[in-house]
Amino acid sequence: MDIILTISLLASNRRESLERCLDSLKPLLVKIPSELIIVFTGTDKKVLEIAQKYTPQIITFEWCNDFSAARNIGLEAAQGSGSCTLMTTNGLMMWNRSASSS
Numbered sequence: 001m002d003i004i005l006t007i008s009l010l011a012s013n014r015r016e017s018l019e020r021c022l023d024s025l026k027p028l029l030v031k032i033p034s035e036l037i038i039v040f041t042g043t044d045k046k047v048l049e050i051a052q053k054y055t056p057q058i059i060t061f062e063w064c065n066d067f068s069a070a071r072n073i074g075l076e077a078a079q080g081s082g083s084c085t086l087m088t089t090n091g092l093m094m095w096n097r098s099a100s101s102s
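The UniProt record's numbering applies: residue 1 is where the sequence shown begins, and numbers increase by one.
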């Protein structure tokens, strides 16, 4: 089955907001063919442990004060026809459509 949606989640060291965000995504991930990619920009190993409970697709990215660079790492790994990028810090969501679907 083709992946329709890639959700790329930028996660730093905020454990509580990460779990809340991941739990809220569960119903969506079950309903449509999708994948979850977590781009980890933090240093807290507990956050990595939490992330591993939800997806094996975790990319560690050394934060360089560049949101776009972190977002692009997740988009490069995306397999879906469309993708959205979420941040656990403020609930920001950005929708991206792949070039092949335009």
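We treat Cβ as the ideally placed atom computed from N, Cα and C, and that holds for glycine.
- Approximately 18 Å separates the beta-carbon atoms of Ser68 and Gly42; this is outside 8 Å, ruling out the contact.
- Counting only the Cα atoms, Ile37 lies some 14 Å from Glu49.
- Note that the C-beta distance between Ile7 and Leu25 is below 8 Å.
- Excluding the 5 residues flanking it on each side, Met87 has same chain C-beta neighbours closer than 6 Å at Leu10, in chain order.
- Cys64 sits in coil when the DSSP states are folded into three classes, being neither helix nor strand.
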